[in-house]
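Peer 1:
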Amino acid sequence: MRSSENGIESSKEISQSEENVINFLDSMDTYLILVDSLSSALRQGWFELASARQSMGASRVNSALFDLKSHHASTTLQVDEHEDIELPHFTLCKWASSDDPEKYSEEAKFQEDELLRNKSDSPRPQQRGATSHCSEYQERSAEIGGSPVKVDNHAERERFKSLSVFGALVSPKLRATQSSFEKALEIVVEISNVRSSLLRSYDQVHEELKNTK
Amino acid sequence: MYGFEAMTFNIHGGYLEAIVRGYRSGLLTAADYNNLCQCETLDDIKMHLSATEYGPYLQNEPSPLHTTTIVEKCTLKLVDEYKHMLTQATEPLSSFLEYIRYGHMIDNVVLIVTGTLHERDVQELLEKCHPLGMFDSIATLAVAQNMRELYRLVLVDTPLAPYFSECITSEDLDDMNIEIMRNTLYKAYLEDFYRFCQKLGGATSEIMSDLLAFEADRRAVNITINSIGTELTRDDRRKLYSNFGLLYPYGHEELAVCEDIDQVRGAMEKYPPYQSIFSKLSYGESQMLDKAFYEEEVKRLCLAFEQQFHYAVFFAYMRLREQEIRNLMWISECVAQNQKARVHDSVVFIF
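Protein chains in written order, with numbering that gives the first Met the number 0: chain A, 0 to 212; chain B, 0 to 350.
Written out as structure tokens, the structure is:
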């Protein structure tokens with residue numbers, strides 16, 4: 000009886016250690032795939048930037064045009080560290096308002112597919128210089144369609160604003176560059192989270208190996 | 000009288016026409032581009048270019064090279080050739096050659112104003128300016144707060160002064176106003192250049208009208224595509240189109256209301272010269288449009304050399320050299336980024 004109980008406990012320990020090894024290998028696999036994706040996204044982004052320079056001219060796309068005025072970051076990284084959870088969790092808050100970051104920081108966390116689903120229902124405002132009307136229009140649209148519509152228009156406005164350092168009318172190639180680097184940023188955050196879980200799995204496996212010795 | 004330029008052109012323009020045709024023979028050929036496209040490093044590119052007319056300009060550059068260095072030195076060669084022609088030219092050829100610079104001057108003005116708006120150092124901005132567009136008081140642009148001051152303090156004494164009448168306001172300069180200023184200035188410059196060429200008459204007028212009309216139409220298409228999804232209204236967009244060209248006025252009316260690339264295609268395909276350009280693109284695609292336009296432009300510029308005794312050869316030569324420099328920039332970027340498989344995406348062969 001005692002030997003069967005010991006047998007059950009040891010099989011539980013073995014399955015737990017195997018699970019930890021599998022978790023570690025899974026995390027490692029995900030990590031390597033993400034690193035490869037990051038490399039592709041960055042490569043694509045740099046290539047598209049060269050293509051945009053070719054299209055718009057070197058005088059319009061160069062580092063001398065970057066804005067050095069102090070302004071709020073439109074994209075921020077939040078690090079959640081809870082006492083009961085060892086792993087820190089990284090969250091990217093994209094396209095919060097560069098004028099008022101507190102106002103849109105929560106809404107900016109919505110999933111990309113929700114934004115895309117509501118995109119077709121929200122015609123873009125066309126009036127130049129009518130940003131006050133623009134925000135009223137968006138408020139009305141938000142009342143009808145809910146806050147994802149507002150976030151979508153806001154995210155597009157922030158994207159346009161960040162590209163406007165190169166001029167208000169930029170080539171679609173420059174916008175494609177922005178998308179590629181935006182995707183690379185998302186992958187970097189994902190890598191951070193996966194790496195965090197990878198290191199934890201590694202510690203667990205290492206601990207078990209030490210105990211078995 | 001048109002057709003009798005052979006009797007009088009060589010008196011004042013014969014030497015420089017011979018010079019520019021000599022310069023033209025120095026343009027890189029398809030064989031040169033094939034060699035360059037196979038380079039593994041930027042030093043290989045420098046080695047291949049040392050056997051061309053760019054050799055003396057690159058030979059003293061230390062390794063490791065940067066793509067901007069290659070472009071800068073190649074541009075210096077173009078500037079030297081331009082200055083040589085300008086110093087030898089008499090009226091009206093000297094005025095014609097000055098007109099070729101005004102586009103670069105507009106780009107430099109916008110670069111300085113935009114950079115100043117972004118609190119950049121003026122010296123840093125001056126280093127990025129195109130040498131063909133430099134003028135004496137360019138650094139003073141940094142003190143202007145709005146377009147009225149820009150004009151009053153600096154530009155009133157420059158050749159760009161007449162182009163400012165349509166865009167003088169007291170509004171503070173911001174990114175959209177600067178963009179509208181850029182396009183309004185360029186529109187006024189193109190129209191003025193067009194009128195000047197018409198006054199010259201003869202083969203110059205005929206060939207330059209075609210080249211400038213193509214430039215105006217291409218700008219209209221680019222403005223349309225770049226303004227899709229932005230705050231620029233239809234009326235503002237229409238105001239940026241030039242008042243000449245194949246697309247003026249009915250094509251402009253259609254382009255002004257376009258909301259996506261397919262509508263632009265629909266508007267442009269009604270014009271046979273542009274039908275061939277858009278037939279090379281698949282639906283919804285605009286990535287290869289630039290290359291298609293550059294190829295068409297190069298074809299027209301090369302045709303300018305088929306006729307003698309006119310000034311359009313000077314314009315054509317400058318534009319072909321600029322295309323060559325764009326090609327070299329693209330090849331250098333592809334080599335530097337290890338993207339040689341994509342090098343033919345944007346290289347436009349001249350011969």
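Cβ coordinates follow ideal geometry from the N, Cα and C atoms, glycine included.
Computed from a prediction, not measured in an experiment: that's the story for all the values here.
Taking a Cβ distance cut-off of 8 Å, strictly less, list which residues of the region 32-54 of chain A are near chain B, in chain order.
Peer 2: R42, W45, F46, A49, S50, R52, Q53, S54
Peer 1: Taking F308 of chain B as the reference, which of B:F348, B:A202, B:S331 has the closest Cα?
Peer 2: Ranking B:F348, B:A202, B:S331 by CA distance to the CA of F308 of chain B puts B:A202 first.
Peer 1: Could you check whether the region 18-37 of chain A touches the region 183-197 of chain A, counting it as contact only if at least three pairs of C-beta atoms, one from each stretch, sit closer than 8 Å?
Peer 2: yes
Peer 1: Look up V78 of chain A in the DSSP assignment and give the residues it is bridged to.
Peer 2: Under DSSP, V78 of chain A forms a beta bridge with A:F89.
Peer 1: Is S94 of chain B close to chain A? Criterion is C-beta to C-beta, closer than 7 Å.
Peer 2: no
Peer 1: Quick one, which of B:L48, B:E16, B:K298 has its alpha-carbon nearest P272 of chain B's?
Peer 2: B:K298
Peer 1: Spell out the partners DSSP gives N145 of chain B in its beta bridges.
Peer 2: DSSP lists B:D171 as partners of N145 of chain B.
Peer 1: Which ranges would you report for the alpha helix (DSSP H) in the region 91-121 of chain B if only whole runs of at least 4 residues count?
Peer 2: 92-116
Peer 1: Could you pull out every residue in the same chain whose Cβ sits closer than 8 Å to the Cβ of N19 of chain A, ignoring the five residues on either side in sequence?
Peer 2: S200, Q203, V204, E207
Peer 1: Who are the neighbours of L110 of chain B on chain A, taking C-beta pairs under 7 Å?
Peer 2: S58
Peer 1: Could I get the ranges of all uninterrupted alpha helix (DSSP H) runs contained in the region 177-231 of chain B, with 4 residues as the minimum, in chain order?
Peer 2: Taking 4 residues as the minimum length, the alpha helix (DSSP H) runs contained wholly in the region 177-231 of chain B are 201-226, in order along the chain.
Peer 1: Tell me which residues share the same chain as M55 of chain A and place their Cβ nearer than 6 Å to its Cβ, disregarding the 5 neighbours each side in the sequence.
Peer 2: S170
Peer 1: Give the secondary structure of C368 of chain B by DSSP, where H, G and I count as helix, E and B as strand, and everything else as coil.
Peer 2: No information on residue 368 of chain B is available, as it lies outside the stretch 0 to 350 that chain B covers here.
Peer 1: Measuring CB atoms only, is the region 231-250 of chain B touching the region 184-197 of chain B, in the sense that at least three cross pairs come out at less than 8 Å?
Peer 2: yes
Peer 1: Between the C-alpha atoms of S140 of chain A and R156 of chain A, what's the straight-line distance to the nearest angstrom?
Peer 2: Since pLDDT at S140 of chain A reaches only 41, below the 50 mark, its modelled position is unreliable, and the value read off the structure follows with that caveat. Each residue's Cα considered, the two are about 15 Å apart.
Peer 1: How would you list, in chain order, the residues of chain B whose beta-carbon sits under 8 Å from the beta-carbon of V169 of chain A?
Peer 2: N225
Peer 1: Determine the direct distance from the alpha carbon of C36 of chain B to that of E321 of chain B, and round the result to whole angstroms.
Peer 2: 18 Å
Peer 1: Would you call the CB atoms of S345 of chain B and Q53 of chain A closer than 7 Å?
Peer 2: yes
Peer 1: Under 7 Å between C-beta atoms, does I143 of chain A make it to chain B?
Peer 2: Bear in mind that a pLDDT of 43 at I143 of chain A, under 50, signals an unreliable position, so the model cannot answer this.
Peer 1: Between the region 55-69 of chain A and the region 5-21 of chain B, do three or more beta carbon pairs fall short of 8 Å?
Peer 2: no
Peer 1: Find the residues of chain B that neighbour K172 of chain A, judging by a C-beta separation of less than 9 Å, and give them in chain order.
Peer 2: S285, Q286, D289
Peer 1: Pick helix, strand or coil for T51 of chain B, following the three-state DSSP scheme.
Peer 2: It is coil, neither helix nor strand.
Peer 1: With 16 other CB atoms within 10 Å as the buried threshold, where does I179 of chain B fall?
Peer 2: buried
Peer 1: The region 111-133 of chain B: which residues have C-beta closer than 7 Å to a C-beta of chain A, in chain order?
Peer 2: Against chain A - using a Cβ distance shorter than 7 Å - the residues of the region 111-133 of chain B are T113, G114, H117, E118, R119, E123, L124, K127, H129.
Peer 1: Establish whether the CB of N152 of chain A and some CB of chain B are separated by less than 7 Å.
Peer 2: no
Peer 1: So is Q353 of chain B in contact with chain A if we call contact Cβ pairs under 7 Å?
Peer 2: One cannot answer for residue 353 of chain B here, as it falls past the ends of chain B, which runs 0 to 350.
Peer 1: Taking only runs that begin and end inside the region 30-74 of chain A, name each unbroken alpha helix (DSSP H) of 4 or more residues, in chain order.
Peer 2: For the region 30-74 of chain A, not a single whole alpha helix (DSSP H) run of length 4 or above is found.
Peer 1: Going by beta-carbon coordinates alone, are K172 of chain A and E47 of chain A separated by less than 7 Å?
Peer 2: Result yes, Cβ atoms of K172 of chain A and E47 of chain A sit closer than 7 Å.
Peer 1: Spatial neighbours of S179 of chain A within its chain, please: C-beta separation below 7 Å, excluding the five flanking residues on both sides.
Peer 2: A40, Q43, G44, E47
Peer 1: Throw me the rounded Cβ distance for the E295 of chain B and L67 of chain A pair, which I believe falls under 8 Å.
Peer 2: So it is not a contact: roughly 40 Å between Cβ atoms.
Peer 1: Please classify T40 of chain B as buried or exposed, where buried requires at least 16 neighbouring CB atoms within 10 angstroms.
Peer 2: Exposed is the call here.
Peer 1: If the criterion is Cβ atoms closer than 7 Å, does the pair I177 of chain B and T113 of chain B meet it?
Peer 2: yes
Peer 1: Is the Cβ-Cβ distance between L245 of chain B and A212 of chain B less than 7 Å?
Peer 2: yes
Peer 1: Mind checking whether the beta-carbon of I99 of chain B lies closer than 6 Å to any heavy atom of the ligand NAP?
Peer 2: Judged by which ligands are present, the structure shown has none, so any question about the ligand NAP falls away.
Peer 1: Going by DSSP in three states, C333 of chain B sits in which element: helix, strand or coil?
Peer 2: helix
Peer 1: Could you check if H71 of chain A is buried or exposed, using at least 16 other CB atoms within 10 Å of its CB as the buried criterion?
Peer 2: exposed
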